[in-house]
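Position one of the sequence shown corresponds to residue 33 (our numbering), numbered consecutively onward.
Even glycine gets a Cβ: it sits at the ideal position worked out from N, Cα and C.
Read the structure below first, then the notes.
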Amino acid sequence: MADQYDFDLFTIGAGSGGVRASRVSAAHGARVAVAEEYRVGGTCVIRGCVPKKMLVYGAHFAEDLEDAQQFGWTIEGKSFDWVKLRDHVQTDIDRLEGLYGETLGNHGVEVFRERAEITGPHEITLASGKVVTAKYILVATGAQPQRLEFPGSEHAITSNEAFHLDALPKRVMIAGGGYIANEFAGIFNEFGSKVCIVNRSDQLLRGYDESLRDRLLQISMMKGINFHFNTTFKSITKNDDGSLHVELDGDDDQDVDVVMFATGRSPNTGGLGLENVGVELGDKGEIKVDEFSQTNVDYIYAVGDVTDRVQLTPVAIREGQAFADSVFSDVEPYGVDHSCIASAVFSHPPIAAVGMTEGEARNKIGNIKVYTSDFRAMKNVVAGRNERSLYKMITNAATDQVVGIHMIGPESAEIMQAAAVAVKAGLTKADFDATTAIHPTLAEELVLFK
Ligand code: NDP
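Here it is, written out as structure tokens:
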């Protein structure tokens, strides 16, 4: 194939989307190279989903150890060592990074561990000065935390740095009310930090069903997390003892040890040379692509967060797979179906959702039925933990088809993955009802809605 080029495919960025696209393209027979300036694995593996989930597990022991006493256990001398957890997490991340590198190597993908820039048609220049050519270029450079700008904002960290903190901060202020804010608020709070969330509006987790967002807020407050809504930042100054003085607009000043921005993620499109070849960008700097992940420049494609379609790892992986199959195999080119994607927020407790929220369903369908189950998990009852789960099913009243399921409560992400199959497949509430419950479980609520 295309011998006038050094490679059939040059991928910029070895994250979830880039690695999948590269190794599958190579498996289809393409000569592939990938450039990565940081660490192979990308945000998800190195400083996102994976280490975050490990911290979530670590954090949850705080509750488990407390609850264990109601189950007859005596726990003496319990203590938490942040540095130990942090280092164990990083050791496993190193292992995973190695595996990702091995996968690329096993598929014969050449890895350049340096920055790459598009310097002309089909031409890439690496940081070392080496120039290579490729028939196709795939941009899979992901996104980076968006930092707010105000006097002293340089004192704030992002989730990137949160994984490497020298010590557990006593007081943490988190800016934003989305995924990362709620997940890290839960993590730090369980570890014993005093946590507050500062959000520009009074809406948490926009896009999720309102009842669940309200329930999370209520439970989070009960657990001790403070919320400052309709509040923005004026300034941060460093106190003599190294702590931070935060001046807020809309609330009292606060002294904290760490301020963390969790205010969205911006596509990494700067310095890639996209302007050299005329790749079109959207308003947020994202690469504009069609359903096949192809840009306006016919030999350049983009997948994952850099396209700002749905910023989720499994979506980037699917986009990478579809690109590789469509361009380098003989299947009919296909795109990724971005509808009805199940998602979860690993807060304490977690939220999971698939399909339309009640509000969306009312707007789009009109005639809907809403079923709810508001219950206390058996384990919480015995533990004396006053924390209720909430499950919600939304159906199209005319057809009985389930168009949305929303859950907050223990293990909701684990339960949702299976339920999402049914919703994606277009099953009806009668199909759910016809399924015998597994008793006693949390998930049985899904087939017992009245
Ligand atoms: P989110 O989009 O979830 O939330 C961003 C938050 O920051 C919102 O509350 C938003 O407010 C606020 N915000 C945005 N811009 C500003 C601004 N200029 N000033 C003040 N506040 C602002 O982003 P995250 O950073 O939490 O996460 C990024 C993405 O990563 C997520 O969207 C998700 O796709 C992915 N992710 C997924 C996870 C998972 O699957 N469990 C976990 C973590 C991340 P407003 O609502 O008003 O816009």
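Legend entry - Which residues DSSP lists as bridging I44, in chain order: A67, V171
Inset, instruction - Assess, as a yes-or-no matter, whether the stretch 260 to 279 is touched by the stretch 403 to 411 under the definition of 3 or more beta carbon pairs within less than 8 angstroms. - result: no
Legend entry - Closest Cα partner of R245 within the set G391, A457, A452, A450: Check the Cα spacing between R245 and each of G391, A457, A452, A450: the tightest is with G391.
Legend entry - Secondary structure of E279, DSSP reduced to three states: strand
Inset, instruction - Take every Cβ of the stretch 41 to 56, pair it with every Cβ of the stretch 69 to 86, and state whether three or more of those distances are shorter than 8 angstroms. - result: yes
Inset, instruction - Examine the Cβ distances between the stretch 213 to 228 and the stretch 85 to 98 and report whether three or more of them are shorter than 8 angstroms. - result: yes
Legend entry - Cut-off 6 angstroms between Cβ atoms - residues of its own chain near M254, not counting five sequence neighbours on either side: none
Inset, instruction - Excluding the 5 residues preceding and the 5 following N399 in the sequence, name in chain order all residues of the same chain whose CB lies nearer than 8 angstroms to its CB. - result: N428, A429, A430
Legend entry - Inter-residue Cα distance where the pair is S233 and V163: The C-alpha of V163 is placed about 48 angstroms away from the C-alpha of S233.
Legend entry - Option in H471, T473, A374 with minimal Cα separation from A454: Looking at the Cα atoms, A374 is the closest of the given residues.
Inset, instruction - Keeping to the same chain, check which residues put their C-beta closer than 7 angstroms to that of F324; ignore five residues upstream and five downstream. - result: S358, P365, G367
Inset, instruction - Whole angstroms is fine: what's the gap from R247's alpha carbon to I440's? - result: 8 angstroms
Legend entry - Under the three-state DSSP convention, the category R417 falls into: Three-state result, R417: coil.
Legend entry - 4 or more residues per run - each alpha helix (DSSP H) lying fully within the stretch 380 to 440: 390 to 396, 410 to 415
Inset, instruction - Name all residues in chain order for which at least one heavy atom of the ligand NDP lies closer than 5 angstroms to the residue's CB. - result: G208, G209, G210, Y211, I212, R232, S233, R238, A294, T295, G296, R297, Q343
Inset, instruction - Grab me the residues of V115's own chain with a C-beta within less than 6 angstroms of its C-beta, minus the 5 sequence neighbours each way, in chain order. - result: none
Inset, instruction - Taking only the alpha-carbon atoms, compute the straight-line gap between K270 and C228 and give it to the nearest angstrom. - result: 18 angstroms
Inset, instruction - Have a look at G352 and G336 and give me their C-alpha separation to the nearest angstrom. - result: 8 angstroms
Legend entry - C-alpha gap between D287 and R417, whole angstroms: So the two alpha carbons sit approximately 31 angstroms from each other.
Inset, instruction - Please classify N214: is it buried, with 16 or more other beta-carbons within 10 angstroms of its beta-carbon, or exposed? - result: Buried is the call here.
Legend entry - Simplified DSSP state of A100, which is helix, strand or coil: helix
Legend entry - Unbroken stretches of the beta strand (DSSP E), 3 residues or longer, contained in the stretch 174 to 206: 175 to 177
Legend entry - Option in P442, F360, G387 with minimal Cα separation from E370: Note that residue 370 is His in the sequence shown here, rather than Glu. With distances taken between Cα atoms, H370 lies closest to G387.
Legend entry - Close Cβ partners of A34 (< 8 angstroms) along its chain, the five nearest in sequence each way excluded: Because the pLDDT of A34 is 49, which lies under 50, any placement of that residue in the model is unreliable, and the number read from its coordinates should be weighed accordingly. The answer, listed in chain order, is D40, K167.
Inset, instruction - Kindly indicate which three-state DSSP category R297 falls into: helix, strand or coil? - result: strand
Inset, instruction - Just mark L131 as buried or exposed, buried being the case when its beta carbon has 16 or more other beta carbons within 10 Å. - result: exposed
Legend entry - Buried/exposed call for A466, threshold 16 Cβ in 10 Å: exposed
Inset, instruction - Taking only the alpha-carbon atoms, compute the straight-line gap between K396 and L170 and give it to the nearest angstrom. - result: 36 angstroms
Inset, instruction - Write down every uninterrupted run of the beta strand (DSSP E) in the stretch 78 to 135 whose length is 3 residues or greater and which is fully enclosed by it, in chain order. - result: none
Legend entry - Buried or exposed by the 16-neighbour rule on C-beta atoms within 10 Å, applied to S54: buried
Inset, instruction - List the whole-angstrom C-beta distance separating L280 from V230, where the pair is believed to meet the contact cut-off of C-beta under 8 angstroms. - result: 7 angstroms
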